[in-house]
Structure formats: structure tokens, C-alpha cells
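Residue numbers (my numbering): 363 to 720. C-beta: ideal position from N, C-alpha, C; glycine also. Nothing here was measured: the structure is a model prediction, and the numbers come from that model.
And the structure:
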């Protein structure tokens with residue numbers, strides 16, 4: 363089957379998860395062309411440049427400062443860049459129509475491929491975690507205190523890819539579905555995570571990219587456990603030690619090994635790492651980016667299920683001490699979580715492709 367696959371470039375989670383699906387599609391013998399924006403295009407070129415054409419397109423991006431979303435800067439940057447990129451996007455579409463002749467479109471929250479599918483009357487599948495905000499019933503206690511942010515984010519998600527033939531929505535928490543043509547499936551996991559062997563350890567894995575978390579470092583020193591810290595010193599070429607703190611240069615293999623052997627995780631509210639921590643049964647303290655309700659949703663459900671804890675800031679020590687006391691209780695709750703790698707999602711996807719092939 364000839365498949366056009368769109369990947370939104372905001373963050374790297376979408377690209378890493380799409381890589382798993384694309385590997386499967388190529389292995390099953392499908393012809394695939396990929397449209398991606400931002401860093402996702404570069405990432406996917408590294409993995410699939412010889413097997414499928416990757417078209418770079420303009421995509422939505424978010425501007426962050428001091429661990430919060432800057433809405434005004436984000437709006438104007440997207441508006442100006444999108445308007446300037448429009449003629450190139452249309453030209454890319456004509457090229458695809460003439461040369462590839464796609465039979466089906468898959469979109470990971472990416473709009474241009476969606477518009478292409480609608481204009482050509484092609485079937486389209488949505489695969490992402492964002493549609494959980496629009497197509498499922500969200501518990502009131504999860505929204506409490508964030509009603510405005512929830513409604514704004516849900517309206518945006520609802521407008522993004524309306525009317526797809528089916529929505530494959532990934533999540534580590536179970537919710538009642540409220541819309542047709544929607545299936546809830548386990549999170550997509552990198553093959554390196556599926557292959558990793560979770561084992562008990564004594565260290566904490568800390569992933570924070572903000573440089574100014576002096577209170578965080580002070581509190582971690584007081585707690586006294588070994589902390590393997592990624593992201594706070596980005597120019598490292600080798601590990602630096604400061605008492606019980608180990609600042610580590612980024613290495614995917616090293617990071618995954620530290621995650622698989624960690625006692626606990628302290629990180630943001632991103633869906634990818636949170637899903638990986640849950641899969642490997644590692645309690646997590648999640649600190650979402652302010653202004654990103656999707657991350658708040660993830661973190662609040664993590665806490666609601668008892669898999670970890672949710673904090674709005676690390677500028678005070680109380681959340682870290684409370685998390686340290688809760689780790690054993692979180693491990694008990696995580697013991698009941700089960701996921702068979704990516705088998706369930708990929709099997710369901712194959713069934714959808716077979717349905718449209720006929």
C-alpha cells in the first residue's frame with residue numbers, strides 16, 4: 363500500500379513514536395513517503411532516508427522560556443513562518459499528487475497531510491496521544507483548577523484533525539470513549555525501551571533542562587541518594603560529580619540504562635518519558651511545563667493512578683521530600699501495570715490498513 367505519513371515537529375516525542383510505526387510499515391512492505399517539520403524531519407531522515415522520501419514542511423512550534431509556554435511569541439512566530447512557507451507547501455503537494463499517488467494517509471498530529479487526504483478524498487488514520495483530550499471523558503478532579511486551559515487545549519485538538527476515518531489514541535491511563543471511530547491503545551515505545559531489562563537500583567534519574575533549579579539541586583543533596591542528572595549541563599563531554607549528584611552527558615544508550623535501573627525518576631510532563639517510566643515500573647515525579655495542559659493531564663493521571671506524583675514547581679523542597687516518602691507505594695501500584703510492547707497497537711493498525719486496502 364502507498365502511504366503518506368505526516369509527523370508534527372514540535373518536540374521529539376512524536377518523531378520517536380512515529381519511527382516505531384514507520385519501521386513496522388516498511389517491514390510489512392508498504393511504500394511510505396514522510397512529511398515532517400522541525401527536528402522531526404532531521405531525525406526521520408537519519409532513520410529512513412534510504413527507504414522513503416522525507417519532505418520537510420513548516421509545522422507548528424512552541425516557544426518556551428523559564429519552563430513555561432510563551433503564548434504571544436508562539437502565536438506570532440507560527441503565523442509569520444506559516445505564511446512565508448505556504449507557497450512551498452502547495453508546491454510540495456503538487457509533487458506528491460503527481461509522483462507518489464498515495465492510497466492512504468496517516469497523521470501523527472500533522473495538519474498538511476490531513477488537508478492533502480481530505481482534498482484527494484483519501485482515507486486517513488490519526489495516531490497520537492493528543493486526541494485523548496477530545497475523544498474521551500476526562501475526570502473532573504484531573505481538570506480541577508485548570509478548566510480554562512483544558513477547554514482551550516481541547517478546542518485546539520478538536521480543530522486539528524476532524525473527521526478522520528479512525529483515531530488510534532495512545533495512553534497509559536484508561537478512559538471512557540465518547541466519540542465513534544476511536545480506539546484507546548497502549549503507548550508506543552521505542553524498541554530500545556522494549557528491549558531494556560528493568561531492574562532494581564538505588565539511584566534517581568533526573569531529567570531537567572532548566573539551568574536555574576538551585577533549589578532542586580540543594581534538595582537532592584539533602585535527600586542524599588545518588589542522582590544521575592541529564593539536561594542541566596548541556597555542554598558536558600564527560601560526567602561531572604558533585605557529592606551525590608552526577609551530571610551526565612547525554613547518551614541514548616546511557617540514558618535508557620539509567621532509566622531501566624533507576625529507583626525513581628524526576629522529570630517534566632512529557633508523554634514519552636512518562637510512558638517509558640510506567641512501562642519499566644519506575645515511580646516518577648512529574649513537573650509539567652506551565653501552560654502545557656496536555657502535560658498537566660499526563661502528570662495528574664500519573665498521580666491519580668498512584669504511579670507517581672505531580673508537582674507544579676521544583677523551586678521548593680516539599681514535593682521532592684513527599685515523593686521520596688511515596689516511592690514504595692508507587693512501586694506497589696505500578697506492579698499491576700502490563701503492556702506487551704507495541705504488539706496491540708501494531709496489530710490494530712494492520713487490521714485498519716487491511717480494511718482500507720480492500
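Quick check: what's the CA-CA separation for residue i versus residue j?
| i | j | result |
| --- | --- | --- |
| residue 671 | residue 600 | 31 Å |
| residue 701 | residue 559 | 14 Å |
| residue 489 | residue 368 | 10 Å |
| residue 545 | residue 571 | 34 Å |
| residue 375 | residue 605 | 32 Å |
| residue 660 | residue 564 | 25 Å |
| residue 379 | residue 410 | 14 Å |
| residue 481 | residue 418 | 20 Å |
| residue 703 | residue 642 | 11 Å |
| residue 407 | residue 467 | 19 Å |
| residue 577 | residue 679 | 7 Å |
| residue 706 | residue 720 | 22 Å |
| residue 497 | residue 531 | 9 Å |
| residue 615 | residue 461 | 39 Å |
| residue 633 | residue 552 | 13 Å |
| residue 519 | residue 698 | 31 Å |
| residue 540 | residue 495 | 11 Å |
| residue 621 | residue 390 | 31 Å |
| residue 696 | residue 483 | 44 Å |
| residue 561 | residue 623 | 5 Å |
| residue 423 | residue 507 | In this prediction, residue 423 scores a pLDDT of 41, lower than 50, which makes its location untrustworthy; no coordinate-derived value is stated. |
| residue 582 | residue 609 | 13 Å |
| residue 386 | residue 525 | 25 Å |
| residue 542 | residue 717 | 17 Å |
| residue 690 | residue 585 | 16 Å |
| residue 648 | residue 637 | 12 Å |
Which residue or residues does DSSP assign as beta-bridge partners of residue i?
| i | result |
| --- | --- |
| residue 569 | 592 |
| residue 365 | 394 and 466 |
| residue 671 | 647 |
| residue 604 | 607 |
| residue 486 | 467 |
Go ahead and pull the three-state DSSP assignment for residue i.
| i | result |
| --- | --- |
| residue 508 | coil |
| residue 629 | strand |
| residue 419 | coil |
| residue 708 | helix |
| residue 676 | coil |
| residue 652 | strand |
| residue 612 | coil |
| residue 375 | helix |
| residue 409 | helix |
| residue 349 | Because the chain is modelled from 363 through 720, residue 349 falls outside the range shown and cannot be assessed. |
| residue 386 | helix |
| residue 642 | coil |
| residue 624 | coil |
| residue 664 | helix |
| residue 472 | coil |
| residue 404 | helix |
| residue 399 | coil |
| residue 481 | helix |
| residue 598 | coil |
| residue 434 | Reliability fails at residue 434, whose pLDDT of 44 lies under 50, so the model's placement of it is uncertain and the value that follows must be treated cautiously. It is helical. |
| residue 425 | For residue 425, the predicted model reports a pLDDT of 34, less than 50, meaning its position is unreliable; a value from the coordinates is still stated below. DSSP places residue 425 in coil when its eight states are reduced to three. |
So the alpha helix (DSSP H) residue i belongs to, where does it begin and stop?
| i | result |
| --- | --- |
| residue 584 | 576-585 |
| residue 561 | First-last for residue 561: undefined, no H or E at that position. |
Using a Cβ-Cβ cut-off of 8 Å, state whether residue i counts as contacting chain D.
| i | result |
| --- | --- |
| residue 597 | Within the model displayed, chain D is absent; a lone protein chain is all it includes. |
For residue i, is the beta carbon positioned less than 7 Å from some heavy atom of the ligand NAD?
| i | result |
| --- | --- |
| residue 611 | The ligand NAD is absent from the structure shown, which contains no ligands of any kind. |
Problem set entry | Secondary structure, beta strand (DSSP E): runs of 3+ residues fully inside the segment 489-555 | 528-532 and 544-547
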